[in-house]
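> One structure coming up, written as structure tokens, with questions to follow.
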Amino acid sequence: MSGPYLDVTGVSKRFGGLQALDDCSFAIEPGQITCLVGPNGAGKTSVFNVITGFIRPDAGQVRFRGQVLTRMGSRRIVGLGICRSFQNLRLFADLSVLDNVTVYLPSRTDENPFRPILRPIRTEIERKRRMAAAMSILEEVGLAHRARDAVRNLSYGEQKLLCVARLMASGAELLLLDEPTSGLSAQALEAMIALVLRLKAAGRTFLVVEHNTRIVQRLADSVVFLHQGHVLAQGEPAAIVADPKLGEIYFGGAL
Amino acid sequence: MNFFLSYLAIAEIYALASMSTNLLVGVTGIFSVSQGAIFGIGAYTVGILTLNDWASFPVAMAAALILCALTNLAVALPALRIAGDYFVVTSFGIQIAATAVFMNLTDITGGASGLAGVPPPNVFGRDLDEPGAFILLSSIVLAAAALFFWLVLRSPFGRLINAIREDELAVTAAGKSVLAAKVGVSALSGMFVGLAGGLYAGFLSFIDPGSFDIDASILLLTMIVVGGARTLAGSLIGPALLTALPQVLSVLPIPSDAAGPLRQILYGLMLIAFMLFRPQGIAGRRL
Ligand SMILES: Nc1ncnc2c1ncn2[C@@H]1O[C@H](COP(=O)(O)OP(=O)(O)O)[C@@H](O)[C@H]1O
Ligand SMILES: [Mg+2]
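Chains as they are written, first to last, in the numbering used here: chain R, 4 to 258; chain P, 89 to 375.
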């Protein structure tokens, strides 16, 4: 492969009087888990929004496998293999657990509005195929037994697993997880960590927003430290976590 | 007997229109208040084409279907980029504009006095001028439309438009084009209500702007609120009940000039009562 896998260079974004991202640069290696850390309001979610085409940066660019993403719509970016989750989940609350996953499966013609009328049998076959594909993803994340349930009946931990299941369905190779472990019970936390590590072993690449330094040390191959929209440091987890200057910023001097 | 068959024919026509409203408003969450206008375009298309002998009934129906799909698309396209509450205002504007066109394009629509003498549907060389004969046609069209409605709802596209109602941003994050899906559902929905409009003109043989104004749009919305959003049963039950109301009022000892306002009041009360006490309607889901 030529050049880095995912490369964020000099990205800046202003919201009114607030500089959310300020000359932000870092890179991600394929097959690794990169953790994006930094205090609240550091711009972590904004980084996700820029990479996935949800917001257009004022300056700088994002390249993925050598292609410039910065002017692409989110549709093409997902097509290239990047899919993101949301900090506030954004599950389809009225849809079943299974349908939350099927909607994230890619489609060429199966979602054509006239297809069910023009080719009803074909559409039915595709529907079954999509349901089976979604079901096998739910099995992988351990939610198969809840496939028919409404999302609102899931526990918070299950809802967060479902968010990862949706990203898996998209077929993306690079998954961006926005605070996948926040608010989880100890048991749900272990399930999430195990799932992410399993997916990594299967070849997927991750960029994960994570606050807990102990979880960072368990997950991360590389850590990007963001502060006031600027990357202060990128490196091995042990080095970043041990850096007293970063600790002071992160914990407000509590370390 | 004729009385009952007429009621049934009207109920079937509104059931077709309700499926259209359900796809757009109930499933996708595009809160349109211009369904009456599109219904009217279907009716005027068939009325004008068959009255002037410019086209046979089946060809006129096909024209209504295509024209309504295209109109719905054209009015939807700019508005679909506008979110939520603003769409209601835009769609209200479209309804008002359409009524003005029906009223003032006097040469072809007959203006406020409407179009009289629209010929009954003629299919396979037979005039369906009896309710008993017409009901055969409207039932076949309704059955086919119901099948399509059911197929669309269970298809991957059906899942997609349900997801769009729930969270457009999450659909965008899945790499799907929300706009393309909305354009698709607008066209589909236009086709359903276009068929309804065409049958309406052929059945009543008289159409005027009053049948396709904002009140008509609200009636179409009330039908899915009462029947229930997002289900086939809801699209059938709502129109069946609401089109029965004028018939019931007409046999009650009420002065005929009070029947119209009374009907509107009852529609309004039903809308409020269902929203408050049974938002999922009789056989549907919450709007
Ligand atoms: N769309 C937006 N409009 C205005 N301000 C925003 C927007 N998105 C983020 N911000 C602001 O940018 C800063 C960084 O936000 P964010 O990226 O969400 O931080 P983090 O995810 O690290 O907590 C915050 O101060 C936030 O209020
Ligand atoms: Mg955030």
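Note that CB positions come from ideal geometry on N, CA and C, so glycine has one too.
Looking at serine 88(R) and ligand 1, is the gap between the Cβ and the nearest heavy atom below 7 angstroms?
No; taking the cut-off as 7 angstroms, the Cβ of serine 88(R) has no heavy atom of ligand 1 nearer than that.
> Round the Cβ separation of alanine 251(P) and valine 240(P) to the nearest angstrom and send it over; I've been treating them as touching at under 8 angstroms.
With 8 angstroms as the limit, alanine 251(P) and valine 240(P) do not qualify as a contact, their Cβ atoms being about 14 angstroms apart.
> Flag this pair as touching only if the region 181-188 of chain R and the region 62-77 of chain R have three or more C-beta atom pairs under 8 angstroms; answer yes or no.
No contact exists between the region 181-188 of chain R and the region 62-77 of chain R.
> Is there a Cβ of chain R sitting closer than 8 angstroms to that of threonine 116(P), yes or no?
Chain R, which has no Cβ nearer than 8 angstroms to the Cβ of threonine 116(P), makes this no.
> Go to alanine 371(P), then tell me how far its alpha helix (DSSP H) extends in each direction, as first and last residue.
Neither: alanine 371(P) is in no alpha helix (DSSP H) and is coded neither H nor E.
> Below 8 angstroms, how does it come out for the region 83-94 of chain R and the region 168-175 of chain R: are there three or more Cβ pairs, yes or no?
Cβ pair count under 8 angstroms is three or more, so yes.
> Judging by CA-CA distance, which residue of Lys248(R), Leu200(R) and Phe228(R) is the nearest neighbour of glutamate 239(R)?
Considering only alpha carbons, the answer is Phe228(R).
> How should leucine 258(R) be labelled, buried or exposed, when 16 other C-beta atoms within 10 angstroms of its C-beta is the threshold for buried?
Legend: pLDDT at leucine 258(R) = 40, less than 50; position of this residue unreliable, value from coordinates given subsequently. It is exposed - the Cβ of leucine 258(R) has fewer than 16 other Cβ atoms within 10 Å.
> Can you list every residue whose CB sits closer than 5 angstroms to some heavy atom of ligand 1, going in chain order?
Matched residues: Phe18(R), Ala23(R), Asn43(R), Gly44(R), Ala45(R), Gly46(R), Lys47(R), Thr48(R) and Ser49(R).
> Tell me glutamine 70(R)'s beta-bridge partners as DSSP assigns them.
Phe67(R).
> Counting only beta-carbon separations shorter than 8 angstroms, does serine 49(R) have a partner in chain P?
It does not: the Cβ of serine 49(R) has no partner Cβ on chain P nearer than 8 angstroms.
> Spell out whether any CB of chain P is found under 8 angstroms from the CB atom of glycine 3(R).
Only positions 4 to 258 of chain R appear in the structure, and residue 3(R) is not among them; the question remains open.
> On the CB-based measure, 16 or more other CB atoms within 10 Å of its CB, does methionine 107(P) come out buried or exposed?
With 16 or more Cβ atoms within 10 Å of its Cβ, methionine 107(P) is classed as buried.
> Whose C-beta lies closer than 8 angstroms to the C-beta of cysteine 27(R) among residues of the same chain, with five residues either side of it excluded?
For cysteine 27(R), where only same-chain residues beyond five positions count, the Cβ hits under 8 angstroms are Val11, Gly13, Val14, Ser15, Gly46, Val50, Gly63, Leu229, Gly232, His233 and Val234.
> Whose Cβ in chain P lies nearer than 7 angstroms to the Cβ of serine 110(R)?
Per Cβ cutoff of 7 angstroms: Pro244.
> Are there three or more Cβ pairs, one per stretch, closer than 8 angstroms when the region 269-282 of chain P is compared with the region 97-114 of chain P?
Contact between the region 269-282 of chain P and the region 97-114 of chain P is present, because at least three Cβ pairs lie under 8 angstroms.
> Sorted by chain position, which residues of the same chain lie with C-beta nearer than 7 angstroms to valine 266(P)'s C-beta, five sequence neighbours on each side aside?
Closer than 7 angstroms at Cβ, skipping near neighbours: Ile252, Glu256, Val259 and Thr260.
> What do you reckon, is the C-beta of valine 212(R) under 7 angstroms from a heavy atom of ligand 2?
Checking the Cβ of valine 212(R) against ligand 2 gives yes.
> What is the rounded straight-line gap between the Cα of valine 212(R) and the Cα of aspartate 152(R)?
In a straight line, the C-alpha of valine 212(R) is about 29 angstroms away from that of aspartate 152(R).
> For the region 201-212 of chain P against the region 123-138 of chain P, do three or more pairs of beta-carbon atoms, one drawn from each stretch, fall closer than 8 angstroms, so that the two count as touching?
These segments touch.
> Report back the beta-carbon spacing between glutamine 237(R) and valine 226(R) to the nearest angstrom; my notes put them in contact at under 8 angstroms.
The Cβ separation is near 7 angstroms, so the contact holds.
> Of all Cβ atoms in chain R, is any one closer than 8 angstroms to the Cβ of valine 211(P)?
No, its Cβ sits nowhere closer than 8 angstroms to a Cβ of chain R.
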